[in-house]
Structures are given as structure tokens and as C-alpha cells.
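Here the protein sequences come in this chain order: H and V.
Heads up: the first sequence begins at 932 in this note's numbering, then just goes up one per residue.
Heads up: the second sequence begins at 932 in this note's numbering, then just goes up one per residue.
All C-beta atoms, glycine included, are put in the ideal place defined by N, C-alpha and C.
The block underneath contains the structure these notes are about, expressed in C-alpha cells.
There are 2 protein chains.
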Amino acid sequence: MSTWSQAGPRTVSEHAAAVAALLPPTGTESVALAAASGRVLAEDLTAGVALPPFDNSAMDGYAVRAAELAGASEDAPAEFPVAADVPAGRTDVPVLAPGTVARIMTGAPVPEGADAIVPVEQTDGGVERVRIREAPRPGAFVRRAGEDAASGAVVLRAGTVLAAPQIGLAAAVGRAELPVRRRPHVLVLSTGSELVAPGGTLEPGQIYESNGTMLAVAVREAGATAEQLSFVPDDVERFRAVLAERVGEGVDLVLTSGGVSAGAYEVVKDAMTGHGVEFGKVAMQPGGPQGCGRLELGGSRVATVTLPGNPVSSQVSFEVFVRPALRAAAGHPAPARPVVTARLAGSLSSPAGRRQFRRGLLDAAAGTVSEVGSTGSHLIAALARADCLIDLPADATAVADGDPVAVWLLDSP
Amino acid sequence: MSTWSQAGPRTVSEHAAAVAALLPPTGTESVALAAASGRVLAEDLTAGVALPPFDNSAMDGYAVRAAELAGASEDAPAEFPVAADVPAGRTDVPVLAPGTVARIMTGAPVPEGADAIVPVEQTDGGVERVRIREAPRPGAFVRRAGEDAASGAVVLRAGTVLAAPQIGLAAAVGRAELPVRRRPHVLVLSTGSELVAPGGTLEPGQIYESNGTMLAVAVREAGATAEQLSFVPDDVERFRAVLAERVGEGVDLVLTSGGVSAGAYEVVKDAMTGHGVEFGKVAMQPGGPQGCGRLELGGSRVATVTLPGNPVSSQVSFEVFVRPALRAAAGHPAPARPVVTARLAGSLSSPAGRRQFRRGLLDAAAGTVSEVGSTGSHLIAALARADCLIDLPADATAVADGDPVAVWLLDSP
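So this is what it looks like as C-alpha cells:
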């Protein structure tokens, strides 16, 4: 099946499609409202009650029959007996008898027979009798049952990303839980004999492991869940053993970094070639060497994406291929980062035939973007100062100061 | 001390300043890298090691002395014995003897004596002896120690919001934990005798509680932590009892909704007036009745903000007053929502003297914004369809189709 390496480099779009095809839409689960923030609604939400559920008062004041107040004014107030007191939450509101009014609070049910509310500020505020200084129009300050949403109406569409207002609405229509798309679960595993856990001591020739931590965080920021496995040295047997122990039900994706290029010790490539994962080049920089497929492991197959090991290559590859695929799988309506056009500050050269993703800083007010650091895929400090990626097309070889470029906004959802 | 109600309405800015003054900057705590996403770095991060920590190879290939390859070319390759094999992570790399080369992998330390790397693609890939087909320039494909960051350099500034790349950088410089600003902790309590928990059954006159759920989610989305207390009916004693039981160490803010307007049963106002909290009007719509102060409760004082009870008033007030104050307290560099200018689609009228925050839908491509729903502060379904607030200044009375308006983006961080 492995034809990628013979066929030559894939384009970014081709590899993105191959990765996306590994992640089918996730199913549905029910979560409590307090846990629904950021999740994607899985089904249309229908209002189980009308909003408001009943005619109610928009003001603190008096429920009246408007026709009985036709002549009332500042100079000629009308006086009525107060027949009832209706606080919010009163469930046994009596019918308003003609010639009477009811004292009523904001949100309280309008008594049958009443057709308008006079705000307390237009009265003397009386408790047993009240003098009213205005003639309300019928319907004044009455919130009609169902005027926000009818009972049975769809109030949120499947695919809505839930935040406080949508969750508040779900509560208002009586839902304690919501059906949401399950988050993809990702196993993150980085490889490299040179790696030492942060907090440990470096020998000469060693570096601190950063890709696994960075990718696990990025996976969670993409709305998925991540389990970061211990990173492993460049040892095929240990690599397969660590994976075999953890892959199983509930894993949607294995995500590795390192061990996929042309060197003599390419543990990921060596462990997975011939087992369902294809490796090859993508016409991009950083992130040329890539792999993906359905890894055969202990009789089952698990979607696998293998990112290169240089930290900038790994993180940029995640942004370009994995993040949009994870968000699409979870039903997110906007899986990709927002892309804007900015004018380049400075000039850049770019190799022909490879799409480049340079690290940039956007000056949104000026509409300009400038490169941070340079092309080196080890420049993680520069990556951490960037807030965007400058996306240079494969056929670009030189971009001049002031030229328009496409910019992926990394600090937007 | 209560002079607000006598002095007349506050402006939005005045009340925002009063709320912000209640929330001093939070302190610092240490969190594991995996938990640092979205947090604000509390101190400058200094690199404990240089990045890279040592000169290393950017390619799989051969470490050479460039001068010894001066004449090498496709037609006249130079041949060398391979004196050593240097995989990534090798900690005992020998000095490169003159007249020899070392096989080297990406990320592996460059042997002392070598000054360039020839990629394997420019060689025959030999293991004992190798034929090299090009003359590298000195320094070719060598990543210099410290070229990304010098040891001791500040690589992240205090105040940086941490995401995957910054957390990856922290790992790369050896940090397993980071000092971050503590998240403010908020007790959320809503009031109203008409409230029923979502999932329960409504009697006539009752509604489902939504403000507490909505505010608790909004607090967490603002980067703070929330504890949602059981909502209480309009009963001053129960209200004070619920609060007294939970307020204590570690509570930065009590946030209530409901019970602050001019009605006869204003539980929050009745419970807090004279106990350190002032109530009055803010010249805005929705959200006119507001309160804030330092509530005296059992001998201590706790910052308290009391929002009105209509759901739209409550959520808009949160956006305008509470969210920016919480984020500022946590050291966030951009506490406010992004504000853009758009052209109004349709026309709006607005009462003089009150700043209005209408719910809107932005069409970013067209540069236009239109109102969702209308001014009613009970229209929570309309609120849930909005993605922005249209901010109409207090002196505006009419805004015409096509007029520029300020828009707060609610779906941006």
C-alpha cells in the first residue's frame, strides 16, 4: 500500500485531507450544564417550555385593567383598592376583579384580567389603596408568554459552540444536561534518546523534552483530551511496547513526534512502516517529513499521525494538520484558525515548491506582520514569541516589503 | 457611607472603576506545565540552559572539517573514514580527528573539531567510509548553542498568557512548573422565589433558574474559578445564612444576581444595605440597578458585586463590569473584550442619558452589525444567538442604517 514515498511529496492540502480522513465524527455524550462550556451541541435544542413561560411583569408596580385608567394623569390620578400582592414566584395568583389593581413585582405572573403594568414610579406606592398618575396603553410592561421563544421551538442548533449565554438559555428552558459531541481522545508520545524530563539534569548532548508537553497542551486547547505517555528513547521495541500497553478502547488518535525523517535511528518509522502507517514528504517548511495511517497494533487499528521531532516542525505540523482535523471530528463549525491578510513588514525569501509557515507577529492596527526568528525549526523561543503563522504559497520565492500575505491567527479560537 | 443613591446614577465607567477597585491583583502559585494553559505567567522566565544547549546538527549526515572538503564536488567526491557514529543523545562524543568524519543525526552534538555538516543526501551514506559530493561552507547545518536563547536570558515576560508554544518553551529550558497568577475565586449566588432548578417541574408563575449557571460558566470562561451556591428564595435570613456558611478564606468575590431593584422584596439589597455594599443606578441599559462594595459578614469583609436579576441584564452587566475586573485582577494583559467598529444594519433608537448594550450579530466580512431580538432584558434566547454587544453611547438617541457603532466581540478571548 505504501506509495507516498514513491509518488513524491504531497501538498499540504493532500496531507491535511489524509489526516482528516483518519478522524471520523465523534459521537454524542450528555454533560451537565456546568461542564458544557466550549463543547459543541450535538442535537438541536428544543424549548421544553415557552420563554417566558407565562405573561409576567417587566417592572415593579401594579397590574391593572388599562381601560379603567383611561383618564388618569399627573393632575388627576386614579385611585384603586389593591386586591392582591403578587411577588415573583407566586403560584396561586387570583383573577383581577374589575375596579381593583394588584401590586406586582418584576417577573411575577400577570393576573388574569389585567392587561397592563404601571411602574411603581408612576404611583404613590400604596399597599392597601394606590393612586396612579398615568394611563397605560394596553400591554404596557407585560412580557408575553413565548415572546422570546415558543414552547417546542428550536432555540439552539446542533453544531453551536456552547458558552455562558447558550448554557444559560438551556437552563432557562429547563435542561440540566446537554447532548454534546464527544471530545476526541489523543495519546501523545514523543521519542528521542536525547530527551530528559524537565526538572532533571542535562548531560552534554541531551535536551529537555518539550514536544510531548507542548502537543498535549495543544490537543487540549483544540478541544480534545490528551494523555501524554512517557517519552521513549529511539528503541523500536520499547516504543511498540509503550503504545501497545495504552492503545485501546476510547483512543481516537495516536500522535507522535520525532523519528520520521531520513536518519539511521528513526524509531517511529521503523516501528510503523508496513503496519498501516505511510511515511513521506509534504511540500512544506517546516515539517517536511510526515506520516499517517491506521496503525495495526495487537489486532486492532488506531488512527496515527507522526509529526517530525524538531519542536517548531512539530507544533506547526500540529496547527496545519492535526488541530483542524480534531476540531472537525468534534463537530466544530470553524475548525481552522481565522486567516487574515496583512502586509509584510520586511522581505522574505522562500524555496520554490514548498509552502512555508513562518512564525510572525501581527500588528493588527497597522495591518502588518513581521517574521519572528528565522526559518530554523529548532527556534522554540522564537515560536513562543509569535502570535501567527505567515503562510507563503509553494510557488512564492520572494515576498517584498508591503506585499500582502495570508496570516493564521494563533491566539484566536 | 451610602451616597450613590443620593448622588444619582453612576456612569458605566464610574461603576466599572468601583468594581475593579474591589479586586486587587491576585498572588502567585506554581502549576505543572500541563495545567498552565490559559494562565498568566507571574514572573519573567529565565532560561536555565541555552537553547540549543550545545552545537548540534540540523540534518542527518556527516560532521566534517570544512577545509578538508574544499575541492569536493559531484564529479570529484572526497572520501573519508567514518571515525564515529553520533546519534542524538550521545553524551560521550569524541573529538573529530583530522582526516576523518563522523556520521551524525539531527539534533546530535557536533563533535569538537568539526565545523560543518554535510547532509546524507550529498553522500553515498557510507558507514565505515563515506564519499562526499560537496564542499560545505564552514558552519553549514550547525545549530549554534544559544542561537535561540542564551543561558540566563529572559525568554518569557511576566504577564504572558501561556499556551502550547510558551509551555513548550518552558519545558525546553527545563522547567516542570511555572509561577502563574492565582485565579480569582468567585461565589455565585442567585436569588428569587420564582426559581426552580433546571430538570424540575414548573408550577404556574415559576421559571427555571438560569443566572447562577450562566454566571458560574461566565466566571470560568473569564479565567477565574466559580462555586455556584444553591439559589435562594427572596428571604433575607436564608440569603445571609447561605453566604455566611461559604464565605471565608480564598473567596475573592461574591457575585449575586437579582434582588437589587426598587421592588418590595429585594433580598440582596435588604440583606446588604448598611453592611458595606452600596446600591444605586448605573446610566445604562440593560443593567440599570447595580450594587457593589465590601460586604461585612461575620467580622470579615468580602468584595461583593450584585447584578440585576433579569438574565440579559445579569449577563451584560457581567461582561461590562465583572469580566474585565476578574481578568485584570489575574494579571491578564488584555482584560477587555476586543472592540471593533462596524456599520449598523438597520436603525436603532436609544434613550438619552443611558449607555445601551444591544445584542448583535456581526457580519465581519461585510463590516456590518445587526441587532438580535430587542431591548427586553428577559430575551435570553436572543442573547444566546448574539455574538457581540452593540455599544451605544449615553448621548445617542438615534443611530441610522450605515452609521458606525462600537461592537464588543463576545466570541473572542
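For I1048(V), which residues of its own chain have a beta-carbon under 8 Å away from its beta-carbon, when the five flanking residues on both sides are left out? Start at 1 with the first residue of the second sequence, and residue 1048(V) comes out as number 117. So the qualifying residues of the chain are S988, A989, M990, G992, Y993, A994, V995, I1035, V1041, P1067, A1071, F1072 and V1073.
For S1280(V) and E1078(H), what's the separation of their Cα atoms in angstroms? By one-based count along the second sequence, residue 1280(V) stands at place 349. By one-based count along the first sequence, residue 1078(H) stands at place 147. In a straight line, the C-alpha of S1280(V) is about 21 Å away from that of E1078(H).
On the CB-based measure, 16 or more other CB atoms within 10 Å of its CB, does R1075(V) come out buried or exposed? Residue 1075(V) sits at position 144 when you count from the first residue of the second sequence. Result: exposed.
Mind checking R1060(V): buried by the 16 CB within 10 Å criterion, or exposed? The residue labelled residue 1060(V) in the question sits at position 129 within the second sequence. With a 10 Å radius around the Cβ and a threshold of 16 neighbouring Cβ atoms, R1060(V) comes out exposed.
Can you tell me which of the three DSSP states M932(V) falls into? Indexing the second sequence from 1 puts residue 932(V) at position 1. Since pLDDT at M932(V) reaches only 46, below the 50 mark, its modelled position is unreliable, and the value read off the structure follows with that caveat. Assignment of M932(V) by DSSP, reduced to helix, strand and coil, places it in the coil class.
Looking at S961(V) and E1180(V), is the spacing between their C-beta atoms short of 8 Å? As a working mapping, residue 1180(V) is identified with position 249 in the second sequence. As a working mapping, residue 961(V) is identified with position 30 in the second sequence. The answer is no: Cβ separation not under 8 Å.
Mind checking if H1116(H) is an interface residue toward chain V, Cβ cutoff 8 Å exclusive? Taking the first residue of the first sequence as 1, we reach residue 1116(H) at position 185. No Cβ of chain V is located within less than 8 Å of the beta carbon of H1116(H).
Give the residues of chain H in contact with V1020(V), contact being defined as C-beta atoms less than 8 Å apart. In the second sequence, counting from the first residue as 1, residue 1020(V) sits at position 89. Note that residue 1020(V) corresponds to Gly in the displayed sequence, not to Val. Under the 8 Å cutoff, chain H gives G1123, S1124, E1125, L1126, G1136, Q1137, P1164 and D1165.
Can you give, in chain order, each stretch of the beta strand (DSSP E) that sits fully within the stretch 951–991 of chain V and has at least 3 residues? Fully enclosed beta strand (DSSP E) runs of no fewer than 3 residues occupy 959–963 of the stretch 951–991 of chain V, in order along the chain.
Reduced DSSP category for L1000(V) - H, G, I as helix; E, B as strand; rest coil: Here residue 1000(V) refers to the residue found at position 69 when the second sequence is read from its first residue. For L1000(V), the three-state secondary structure derived from DSSP is helix.
Which same chain residues end up closer than 6 Å to P1164(H) when comparing Cβ atoms and leaving out the 5 residues on each side of it in sequence? Locating residue 1164(H) in the first sequence gives position 233, where the first residue counts as 1. Spatial neighbours of P1164(H) in its own chain (CB-CB distance under 6 Å, excluding positions within 5 residues in sequence) are listed in chain order as S1124.
Are the CB atoms of L976(H) and L1087(H) within a distance shorter than 8 Å? Position 156 of the first sequence, counted from the first residue, corresponds to residue 1087(H). Position 45 of the first sequence, counted from the first residue, corresponds to residue 976(H). In this structure, L976(H) lies closer than 8 Å to L1087(H) by Cβ.
Grouping DSSP H, G and I as helix and E and B as strand, with all else coil, what is F1288(V)? In the second sequence, the residue the question calls residue 1288(V) occupies position 357. Here F1288(V) carries a strand assignment [DSSP, helix/strand/coil].
Should M932(H) go down as buried or exposed, given a rule of 16 or more other Cβ atoms within 10 Å for buried? Here residue 932(H) corresponds to residue number 1 of the first sequence, with the count starting at 1. Note that M932(H) has pLDDT 46, beneath the 50 cutoff, so the model's placement of it is unreliable and the number below is only indicative. Exposed is the call here.
Quick check: is the beta carbon of I1098(V) nearer than 8 Å to any beta carbon in chain H? If you number the second sequence from 1, residue 1098(V) lands on position 167. Yes, I1098(V) counts as interfacial toward chain H.
Using a C-beta to C-beta distance shorter than 8 Å, which residues of chain V count as neighbours of T1037(H)? Locating residue 1037(H) in the first sequence gives position 106, where the first residue counts as 1. Contact of T1037(H) with chain V by beta-carbon distance below 8 Å involves S1192, G1194, G1240 and N1241.
is_contact[V1061(H), chain V] using C-beta, thresh 8 Å: Position 130 of the first sequence, counted from the first residue, corresponds to residue 1061(H). It does not: the Cβ of V1061(H) has no partner Cβ on chain V nearer than 8 Å.
Min CB distance G1307(H) to chain V below 8 Å: Locating residue 1307(H) in the first sequence gives position 376, where the first residue counts as 1. At least one CB atom of chain V sits nearer than 8 Å to the CB of G1307(H).
Between the Cα of G1291(H) and those of R1268(H), C1319(H), S1305(H) and S1308(H), spot the shortest distance and give me the residue it belongs to. Translated into the one-based positions of the first sequence, residue 1291(H) becomes position 360. With distances taken between Cα atoms, G1291(H) lies closest to C1319(H).
I need the DSSP call for Q1097(H), collapsed to helix, strand or coil. Your numbering for residue 1097(H) matches position 166 in the first sequence. Here Q1097(H) sits in helix by DSSP.
If we define contact as Cβ-Cβ less than 8 Å, is F1011(H) a contact residue for chain V? By one-based count along the first sequence, residue 1011(H) stands at place 80. Not one beta carbon of chain V lies nearer than 8 Å to the beta carbon of F1011(H).
Is A1256(V) closer than 8 Å to V1300(V) when the C-beta atoms are compared? Counted from its first residue, the second sequence places residue 1300(V) at position 369. Counted from its first residue, the second sequence places residue 1256(V) at position 325. No. Outside cutoff.
Taking the DSSP output, what are the residues bridged to T1187(H)? The residue you call residue 1187(H) lines up with position 256 of the first sequence. Per DSSP, L1120(H) and T1237(H).
Between Q1246(H) and chain V, is there a C-beta pair that is closer than 8 Å? Here residue 1246(H) refers to the residue found at position 315 when the first sequence is read from its first residue. Judged by the 8 Å Cβ criterion, Q1246(H) is in contact with chain V.
How far does the beta strand (DSSP E) with P1220(V) in it extend, from its first residue to its last? The residue labelled residue 1220(V) in the question sits at position 289 within the second sequence. Counting along the chain, the beta strand (DSSP E) containing P1220(V) begins and ends at P1220 to L1228.
Locate the alpha helix (DSSP H) running through D1201(V), then write down its first and last residues. As a first step, residue 1201(V) must be located in the second sequence, where it is residue number 270. Unbroken alpha helix (DSSP H) run through D1201(V): V1198 to M1203.
Quick check on the DSSP output: the alpha helix (DSSP H) that includes S1301(V) runs from which residue to which? Counting from one through the second sequence, the residue named residue 1301(V) turns up at place 370. Not the alpha helix (DSSP H): S1301(V) falls in the beta strand (DSSP E), residues T1299 to E1302.
Would you mind working out which of P1335(H), A1297(H), E1250(H) and Q1097(H) sits nearest V1278(H), comparing C-alpha positions? In the first sequence, the residue the question calls residue 1278(H) occupies position 347. It should be noted that the sequence gives Ser, not Val, for residue 1278(H). Put simply, of P1335(H), A1297(H), E1250(H) and Q1097(H) the residue whose alpha carbon is nearest the alpha carbon of S1278(H) is P1335(H).
Going along chain H in order, which residues have a C-beta closer than 8 Å to the C-beta of R900(V)? Lying before the first or after the last residue shown, residue 900(V) is absent from chain V, which here runs from 932 to 1344.
What residues match up with R1060(V) in a beta bridge as DSSP calls it? Here residue 1060(V) refers to the residue found at position 129 of the second sequence. The partner list for R1060(V) (beta bridge, DSSP) reads P1012(V).
Shorter than 8 Å from the beta carbon of R1285(V) to some beta carbon of chain H? Counting from one through the second sequence, the residue named residue 1285(V) turns up at place 354. R1285(V) does not count as touching chain H.
Could you check the C-alpha separation between G1333(H) and V1251(H) for me, to the nearest Å? As a working note, residue 1333(H) is residue 402 in the first sequence. As a working note, residue 1251(H) is residue 320 in the first sequence. Taking the straight line from one Cα to the other gives about 25 Å.
I'd like the span of the beta strand (DSSP E) that includes V1032(H), first residue to last. Counted from its first residue, the first sequence places residue 1032(H) at position 101. Membership of V1032(H) in the beta strand (DSSP E) is indicated by the continuous run V1032 to I1035.
Grab me the residues of A966(H)'s own chain with a C-beta within less than 7 Å of its C-beta, minus the 5 sequence neighbours each way, in chain order. In the first sequence, counting from the first residue as 1, residue 966(H) sits at position 35. Excluding positions up to five away in sequence, the list is empty.
Is Q1137(H) helix, strand or coil when you go by DSSP? In the first sequence, residue 1137(H) corresponds to position 206, counting from 1. The answer is coil: DSSP assigns Q1137(H) none of H, G, I, E or B.
8 Å Cβ cutoff met for P1264(V) and P1239(V): In the second sequence, counting from the first residue as 1, residue 1264(V) sits at position 333. In the second sequence, counting from the first residue as 1, residue 1239(V) sits at position 308. No, the pair does not count as a contact, with Cβ atoms beyond the cut-off.
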